[in-house]
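> Structure below; questions to follow.
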Amino acid sequence: MAAGKGLEEVVAAQTAISDIDGKLGKLWYAGYSIDDLAKNSTFEEVTFLLHHGRLPTRDELDELTEQMVNDRQAAAFLSHIMPTLAEQTSPMSMLRTSVSAASAYDPDGWDQGPEANYRKALRLIALMPTLIASYDRHRKGQAIVEPNPTLPHAANFLYMLTGEEPSQEFADAFDTMFILYADHTMNASTFTARVVASTLSDMHSAVTAALSALKGPLHGGANELAMRMLEDIGEVGRARQYVQDLFARKEKIMGFGHRVYRHVDDPRTTILRPVSQALAESVGEPQWYEIAREVEAVAFEERGLRPNVDFYAGSVLHYLGLPEDLFTPMFASSRSAG
Ligand code: CMC
Numbered sequence: 005m006a007a008g009k010g011l012e013e014v015v016a017a018q019t020a021i022s023d024i025d026g027k028l029g030k031l032w033y034a035g036y037s038i039d040d041l042a043k044n045s046t047f048e049e050v051t052f053l054l055h056h057g058r059l060p061t062r063d064e065l066d067e068l069t070e071q072m073v074n075d076r077q078a079a080a081f082l083s084h085i086m087p088t089l090a091e092q093t094s095p096m097s098m099l100r101t102s103v104s105a106a107s108a109y110d111p112d113g114w115d116q117g118p119e120a121n122y123r124k125a126l127r128l129i130a131l132m133p134t135l136i137a138s139y140d141r142h143r144k145g146q147a148i149v150e151p152n153p154t155l156p157h158a159a160n161f162l163y164m165l166t167g168e169e170p171s172q173e174f175a176d177a178f179d180t181m182f183i184l185y186a187d188h189t190m191n192a193s194t195f196t197a198r199v200v201a202s203t204l205s206d207m208h209s210a211v212t213a214a215l216s217a218l219k220g221p222l223h224g225g226a227n228e229l230a231m232r233m234l235e236d237i238g239e240v241g242r243a244r245q246y247v248q249d250l251f252a253r254k255e256k257i258m259g260f261g262h263r264v265y266r267h268v269d270d271p272r273t274t275i276l277r278p279v280s281q282a283l284a285e286s287v288g289e290p291q292w293y294e295i296a297r298e299v300e301a302v303a304f305e306e307r308g309l310r311p312n313v314d315f316y317a318g319s320v321l322h323y324l325g326l327p328e329d330l331f332t333p334m335f336a337s338s339r340s341a342g
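Position one of the sequence shown corresponds to residue 5 (the working numbering), numbered consecutively onward.
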């Protein structure tokens, strides 16, 4: 029986894919600390790690990279429905619908063997940035940018969005974002995916359901709302009052609080804070970082609340040039690896 809210203290499943120590503020993927992975690996390596429980050899990494590059292209049917989706739906709804529709075009069809499922998973991981970028360019009336096979996963995503190869700093920062969002044990969307998979349903159905869970503002939507809050505050001098007013109205402050990291920093925040600071300088928009620091200070002083991954992710993704409503789809695209 649950002692707390939600699934607190309920053992829903055992996993070696990732592990959290909510008291120490530590996160590991397959035994590797998130700090080491963010510093020394790439999203492609992390994708291999999450699927195999170990880091790849050079040949294995090359093979996975080639596979993912080949799987970036969207099936003609998906390209065909994209203009309608771009006009009629939100980006997360587009992603949910497109992933569901992609099942009709998966070369492995209804094969649910472990090898076919692995290939299906890699295809979805590879495809999501293409879907998101093409959605964004359609709604802006811009020509679609084909994937660039010479670029890594994260850099290619930025390239397809903007039509320009990103700087090394942007590519690295985005790759870090991809690594940090890739897994987080039994969160709401992963749990949803596992419930669907446990009925022996299929990969596309599980991911479609997970996307539906991630869409909600208390899970994946918080990064977007965190950035919108910084913009709403507008200048550092207004941050204190703004946060105090939120608390007085008993509203939640987005990007703060965590079910697991209650009295310690979310380790992903510790990694993202300096990334946001560096980008603030490079982009020449220091205000978002400065407002974020002030919000962080006031939330802690007033309620002992600490930022979660989504808080600094908001400003980082903004600095990287992503429209706010693509923040959660980006999170989804990364989390599909886990
Ligand atoms: N703003 C204001 N008060 C808060 C917040 C917040 N962001 N988070 C927690 N609290 C308060 C809450 O009102 C409660 O106060 P009281 O005891 O007086 O009723 C106390 O802190 C405990 O909160 P809780 O609701 O029991 O915490 P929870 O563990 O159930 O919820 C949470 C965790 C993440 C849903 C919640 O902190 C929240 O809604 N945060 C804002 C949304 C957000 O940033 N979501 C991203 C989560 S991290 C990414 C992910 O893994 O999905």
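Just so you know, even glycine gets a beta-carbon here, dropped at the ideal spot from N, CA and C.
Run the proximity test for residue 79: is its beta-carbon closer than 8 Å to any non-hydrogen atom belonging to the ligand CMC?
Because no heavy atom of the ligand CMC lies under 8 Å away, the Cβ of residue 79 does not count as near it: no.
> May I ask you to report which of helix, strand or coil DSSP gives residue 188?
coil
> Do residue 3 and residue 278 have their CB atoms nearer than 9 Å?
In the structure as shown, the chain begins at 5 and stops at 342. Residue 3 is therefore absent and cannot be evaluated.
> Shortest alpha-carbon distance to residue 266 belongs to which of 307, 43, 298?
307
> Could you give the DSSP three-state label for residue 5: helix, strand or coil?
Only weak support is given to the placement of residue 5: the predicted model assigns it a pLDDT of 42, under 50, and the value that follows is read from those uncertain coordinates. In this structure, residue 5 counts as coil in the three-state DSSP scheme.
> State the CB to CB distance for the pair residue 304 and residue 318, rounded to an integer number of angstroms; the pair is presumed to be in contact (CB under 8 Å).
About 18 Å separates the two Cβ atoms, so there is no contact after all.
> DSSP three-state call for residue 37: helix, strand or coil?
strand
> Taking 8 Å as the cut-off, is the C-beta of residue 256 nearer than that to any heavy atom in the ligand CMC?
Yes - the ligand CMC has a heavy atom lying nearer than 8 Å to the Cβ of residue 256.
> Exposed or buried, what is residue 44 when buried is set at 16 or more other beta-carbons lying within 10 Å of its beta-carbon?
exposed
> Could you say if the stretch 95-103 and the stretch 144-153 meet the contact criterion of at least three C-beta pairs nearer than 8 Å?
no
> By the 10 Å Cβ neighbour count, where 16 or more other Cβ atoms means buried, how is residue 259 classified, buried or exposed?
buried
> Give the DSSP-derived three-state secondary structure of residue 155 in the structure shown.
coil
> Residue 197 to residue 284, Cα distance in whole Å?
36 Å
> Can you give me the C-alpha to C-alpha distance between residue 208 and residue 106, rounded to a whole angstrom?
8 Å
> Under 8 Å Cβ to Cβ from residue 275, same chain only, skipping five residues before and after it: list those, please.
38, 39, 42, 180, 184
> Under three-state DSSP, which class holds residue 22?
strand
> I'd like the span of the alpha helix (DSSP H) that includes residue 241, first residue to last.
Run containing residue 241: 240-252, per the alpha helix (DSSP H) assignment.
> Could you tell me the distance, in whole angstroms, from the CA atom of residue 33 to the CA atom of residue 238?
37 Å
> Report the rounded CA-to-CA distance for residue 47 versus residue 132, giving the unit in angstroms.
Distance from the CA of residue 47 to the CA of residue 132, rounded to the nearest whole angstrom, comes to 14 Å.
> Spell out a yes or no on whether the stretch 85-100 and the stretch 320-334 are touching, meaning 3 or more CB-CB pairs, one atom from each, closer than 8 Å.
Yes, since at least three Cβ pairs between the stretch 85-100 and the stretch 320-334 fall closer than 8 Å, the two stretches touch.
> Would you call residue 286 buried or exposed, if buried means 16 or more other Cβ atoms sit within 10 Å of its Cβ?
exposed
> Please determine if the stretch 295-304 and the stretch 236-256 are in contact, where contact requires at least 3 C-beta pairs separated by less than 8 Å.
yes
> What are the partner residues of residue 30, as DSSP defines its beta bridges?
25
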